[in-house]
Amino acid sequence: MTEHTGHIKNPLTVISRFAAIAEISGTVVLPFISPENQATYIWFLMLFPALLVGTFFLTLNFNHKTLYAPSDYQNQNHFLNLFGIVTPSEREEKLEEEIIEATLPAQSTVPGTTGVDELVNAINNTSPTVEISSQTLEKTRTSSSTENNGTQTEISKPSSNSENTTPDAEDEFQTKFDLQEFSKKTKLESKLRLKEIEHLSIRKLKHATNIEFSPNVKFDIPGLISPLIFDAVGEKNDTIHIAEIKYFDKSQFSVERFNKTLMDANIAAQNIYSLSDRKVTLHLIVVSNIALSPTAINNIEAALKNSARRFKYSVEVYFISENKLRDQGIPSDWTWKAPAH
Numbered sequence: 013m014t015e016h017t018g019h020i021k022n023p024l025t026v027i028s029r030f031a032a033i034a035e036i037s038g039t040v041v042l043p044f045i046s047p048e049n050q051a052t053y054i055w056f057l058m059l060f061p062a063l064l065v066g067t068f069f070l071t072l073n074f075n076h077k078t079l080y081a082p083s084d085y086q087n088q089n090h091f092l093n094l095f096g097i098v099t100p101s102e103r104e105e106k107l108e109e110e111i112i113e114a115t116l117p118a119q120s121t122v123p124g125t126t127g128v129d130e131l132v133n134a135i136n137n138t139s140p141t142v143e144i145s146s147q148t149l150e151k152t153r154t155s156s157s158t159e160n161n162g163t164q165t166e167i168s169k170p171s172s173n174s175e176n177t178t179p180d181a182e183d184e185f186q187t188k189f190d191l192q193e194f195s196k197k198t199k200l201e202s203k204l205r206l207k208e209i210e211h212l213s214i215r216k217l218k219h220a221t222n223i224e225f226s227p228n229v230k231f232d233i234p235g236l237i238s239p240l241i242f243d244a245v246g247e248k249n250d251t252i253h254i255a256e257i258k259y260f261d262k263s264q265f266s267v268e269r270f271n272k273t274l275m276d277a278n279i280a281a282q283n284i285y286s287l288s289d290r291k292v293t294l295h296l297i298v299v300s301n302i303a304l305s306p307t308a309i310n311n312i313e314a315a316l317k318n319s320a321r322r323f324k325y326s327v328e329v330y331f332i333s334e335n336k337l338r339d340q341g342i343p344s345d346w347t348w349k350a351p352a353h
């Protein structure tokens, strides 16, 4: 039975054989070195293997991904295992960031884009909650000013009837307690809603692109304070696909929410390029609570692709309303094909 001899894949075996060849070669060369330099050469022969092993373990500890061979990336599971799965705490933290982003007022659009200012002005209506709060604050301030006019001495006097103030204090405490409970309940509902939106979006993206996405993958890159977390990461042929979902309310739309995603995708892409010759595609899914007009969709897509033009990866943008997201079908404009090489 003939045994098949393959390449040596164990780095320690390679190091030990290289060191052995160096030691044998050094012994052969030693007699030809002048006596005054032999002592230095012998010290080099003794320290050289230790230097190799030390360098290997330092690399293994601080940047182990550079030790993988190209064949290690041929299997999707092997490639994704180089990164990590998001922990529950990291997942909750990302959801909370998404909730905060969705509730913040829209600011300016991405610099250098055209045709988006009109879109944001048309979509970004003033929040009714903010208007009511301002009116209430103004009425309260006017009322307090009228009541306090010329009666500051009476207000500064302590009330002799404590029974009139105790119920008010209890009502105020009860109101604060109820608001806290309402805030917790609203936050929990928002998290569950975002989880459902992300799950449905990734499922539709899988069917539309025929790419098997793995949800909640993080890029744990040395030198970063925290890992880069994306909603899903997939692999097909020679391309790594990163997916990110953003939910927008009609009164809170802002293209700026994608800035961090574009930057994180660029860092992840640079890390992938340093490990292999694979390409990177970022899939952005925009989910809105209302159906956007074709003009709005074109303006948003143009702004996002213009912002990502300076990065060395391709961007695909998909749009869908929250209602259609729950339908079984796949939007006709979600079809995607790998670019020709």
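Using the working numbering, the final residue of the sequence shown is 353, and nothing's skipped along the way. Think of the CB as a built atom: it goes at the ideal place given N, C-alpha and C, for glycine as much as any other residue.
Residues near residue i by beta carbon distance below 7 Å, same chain, minus five either side
i, result
"Leu57", "Glu35 and Gly38"
"Ile214", "Phe225, Pro227, Asp243, Ala244 and Ala255"
"Arg103", "Asn228"
Neighbour-count burial assignment, residue i, 16 or more Cβ in a 10 Å radius
i, result
"Phe74", "exposed"
"Lys4", "The requested residue 4 is not part of the displayed model; the chain covers only 13 to 353."
"Asn283", "buried"
"Thr273", "buried"
"Phe194", "exposed"
"Arg269", "buried"
"Lys291", "buried"
"Glu247", "buried"
"Ala62", "exposed"
"Val229", "buried"
"Thr221", "buried"
"His219", "exposed"
"Ala32", "exposed"
"Thr165", "Interpretation of Thr165 is limited by its pLDDT of 40, a score under 50 that renders its predicted location unreliable; the figure taken from the coordinates is listed afterwards. Its Cβ having fewer than 16 others within 10 Å, Thr165 is exposed."
Expected contact under 8 Å - CB spacing of residue i and residue j to nearest Å
i, j, result
"Pro23", "Phe68", "6 Å"
"Ile111", "Ser202", "5 Å"
Straight-line gap, residue i to residue j (C-alpha atoms, nearest Å)
i, j, result
"Ile305", "Lys336", "One point to set straight first is that residue 305 is Ser, not Ile, in the sequence displayed. Cα-Cα distance, rounded: 14 Å."
"Gln50", "Ile241", "56 Å"
"Leu70", "Ile27", "14 Å"
"Phe30", "Leu204", "56 Å"
"Asp276", "Thr251", "17 Å"
"Gln192", "Leu107", "19 Å"
"Asn249", "Phe44", "55 Å"
"Ala314", "Ser238", "30 Å"
"Lys199", "Ile97", "24 Å"
"Asn362", "Ile342", "With the chain running from 13 to 353 in the structure shown, residue 362 is simply not present."
"Leu72", "Lys197", "46 Å"
"Phe358", "Leu287", "Examination of residue 358 is not possible in this model, given that the chain is present from 13 through 353 alone."
"Asp339", "Glu109", "27 Å"
"Thr25", "Thr52", "27 Å"
"Ser46", "Tyr325", "57 Å"
Same chain, Cβ closer than 8 Å to residue i, five either side skipped, listed in chain order
i, result
"Leu217", "Ile223, Phe225, Ala244, Ala255, His295, Ile297, Tyr330 and Trp346"
"Ile54", "Leu42"
"His211", "Pro227"
"Ile279", "Phe231, Ile233, Leu236 and Leu240"
"Leu64", "Ile27, Phe30 and Ala31"
"Lys207", "Leu107"
Contacting residues, own chain, Cβ-Cβ under 6 Å from residue i (five flanking each side not counted)
i, result
"Glu105", "none"
"Val358", "Since the displayed the chain opens at 13 and closes at 353, residue 358 lies outside it and no answer follows."
"Gly66", "none"
Indicate whether the contact test is met: 3 or more Cβ pairs, each with one atom in the stretch 290 to 299 and one in the stretch 326 to 333, closer than 8 Å. yes
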